[in-house]
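Undergrad: Sharing a structure with you now.
As structure tokens, this is what we get:
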């Protein structure tokens, strides 16, 4: 793939000439490990749930939280490209394991991204890094893959699953921008969720808090334990993701 997409937007922090590396996640908490490791951080007001421009060891990173799902991710990338030139795009965040050898907290770098709904596949680059990682195919689904049975059914398709990367890859391919997908495993292949997150997911890329409250009332102990466990894992995943991305060269 070629690098260096055009943009009509303005650029700050010396980005106009070479472009920045866009790191787009669904939730700002997935980006929390990058920010304290930045040499410089500038919050950017605008249409995003969260956006900031960071300098990390000579790399200029545009950090964006765009929401859950392919539509939200695609919209976030398009908006980011209008803000400033992008020389590379990283789909970042957490993923679910499909391969049994992947464990919670493992770094997973995609070499290929495949859309479950359409079957379209996209090549993904592997960044230069001194840190170890797992590599393989990342499957983008249009729903939360919530049960161990669903994961077993998909394990021949890919090693891990997310909900955004294929949409980001499709934009990058069309724009001629280098594409990367870097994820941290949140749930193992043998794990199932008790709460039905698909019923809580809304079309705007957010989860319905009122629906979550009702779900917790239906199973207060098990639901609360699951949310606390996932919240703890998400914090740990963000730290690992931040350490890895800051150490990468794109």
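Residue numbers (my numbering): -3 to 246. Glycine is no exception: its CB is placed at the ideal position from the N, C-alpha and C atoms.
Buried or exposed for residue 14, going by 16 or more other Cβ atoms inside 10 Å?
TA: When all chains shown are included, residue 14 counts as exposed.
Undergrad: Check whether the stretch 33 to 50 touches the stretch 68 to 84, counting contact only when three or more Cβ pairs, one atom from each stretch, lie closer than 8 Å.
TA: With a cut-off of 8 Å, the stretch 68 to 84 and the stretch 33 to 50 count as touching, because enough Cβ pairs lie within range.
Undergrad: Based on the DSSP output, what are the partners of residue 130 in its beta bridges?
TA: 104.
Undergrad: Would residue 92 be called buried (16 or more neighbouring beta carbons within 10 Å of its own) or exposed?
TA: Label assigned to residue 92: buried.
Undergrad: Can you grab the Cα-Cα spacing for the pair residue 117 / residue 154, in whole Å?
TA: Looking at the two C-alpha atoms, the distance is approximately 11 Å.
Undergrad: With a threshold of 16 other CB atoms inside 10 Å of the CB of residue 123, please say whether the residue is buried or exposed.
TA: Residue 123 should be labelled buried.
Undergrad: Could you name the residues of the same chain whose beta carbon sits closer than 6 Å to that of residue 168, not counting the 5 residues immediately before and after it, in chain order?
TA: Answer for residue 168: 85 and 175, listed in chain order.
Undergrad: Determine the DSSP secondary structure at residue 73, reduced to helix, strand or coil.
TA: Three-state DSSP puts residue 73 in a helix.
Undergrad: Give me the Cβ distance between residue 18 and residue 64, rounded to the nearest whole Å; I'm assuming they're in contact under 8 Å.
TA: No, residue 18 and residue 64 are not in contact; Cβ-Cβ is about 18 Å, not under 8 Å.
Undergrad: How about the stretch 180 to 189 and the stretch 159 to 167: do they share at least three Cβ pairs that are nearer than 8 Å?
TA: Segments in contact, no.
Undergrad: Are the beta-carbon atoms belonging to residue 173 and residue 134 less than 8 Å from one another?
TA: For residue 173 and residue 134, no; Cβs fall outside 8 Å.
Undergrad: Is the CB-CB distance between residue 107 and residue 132 below 8 Å?
TA: Against a cut-off of 8 Å, the Cβ pair of residue 132 and residue 107 comes out as a contact.
Undergrad: Classify residue 87 as buried or exposed, calling it buried when 16 or more other Cβ atoms lie within 10 Å of its own Cβ.
TA: Buried, by the Cβ-count rule.
Undergrad: When you compare only the Cα positions, how much space is there between residue 129 and residue 44?
TA: Going by the C-alpha atoms only, they are around 30 Å apart.
Undergrad: At a cut-off of 7 Å, would you count residue 155 as near the ligand PLP, judging by its Cβ distance to the nearest heavy atom?
TA: This structure does not include the ligand PLP; it has no bound ligands of any sort.
Undergrad: Confirm, please, whether the CB-CB distance from residue 30 to residue 57 is below 8 Å.
TA: It is a contact, given that the beta carbons lie within the stated cut-off.
Undergrad: Checking 8 Å against the spacing of the C-beta atoms, do residue 62 and residue 180 come in under that value?
TA: No, the pair does not count as a contact, with Cβ atoms beyond the cut-off.
Undergrad: Verify whether the separation of the beta carbon atoms of residue 226 and residue 182 is less than 8 Å.
TA: Cβ atoms of residue 226 and residue 182: closer than 8 Å.
Undergrad: For residue 222 and residue 191, which I take to be in contact (beta-carbon distance under 8 Å), what is that distance rounded to the nearest angstrom?
TA: Yes, they are in contact, since the Cβ atoms of residue 222 and residue 191 sit about 6 Å apart, within 8 Å.
Undergrad: Please report the distance separating the alpha-carbon of residue 83 from that of residue 246.
TA: Distance between the alpha carbons of residue 83 and residue 246: 9 Å.
Undergrad: Could you give the residue range of the beta strand (DSSP E) that holds residue 87?
TA: First-last of the beta strand (DSSP E) with residue 87: 82 to 93.
Undergrad: Straight-line CA distance for residue 248 to residue 53?
TA: Nothing can be reported for residue 248: it is not among the residues displayed for the chain, which extend from -3 to 246.
Undergrad: Based on Cα-Cα distance, which residue from 16, 36 and 47 lies nearest to residue 25?
TA: The shortest C-alpha separation from residue 25 is found at 47.
Undergrad: Taking the Cβ atom as the reference point for each residue, do residue 234 and residue 28 lie within a distance shorter than 8 Å?
TA: Against a cut-off of 8 Å, the Cβ pair of residue 28 and residue 234 comes out as a contact.
Undergrad: Below 8 Å on the Cβ atoms is my contact criterion, and I expect residue 51 with residue 36 to pass it. Report the Cβ-Cβ distance as a whole number of Å.
TA: Right, their Cβ atoms sit about 4 Å apart.
Undergrad: With residue 126 and residue 243 assumed to form a contact (beta carbons below 8 Å), what rounded beta-carbon distance in angstroms separates them?
TA: Going by Cβ atoms, the distance from residue 126 to residue 243 rounds to 6 Å, so yes, they are a contact pair.
Undergrad: When DSSP labels each residue in this structure, what does residue 163 get in the three-state scheme?
TA: In the structure shown, residue 163 sits in a helix (DSSP, three-state: H, G or I).
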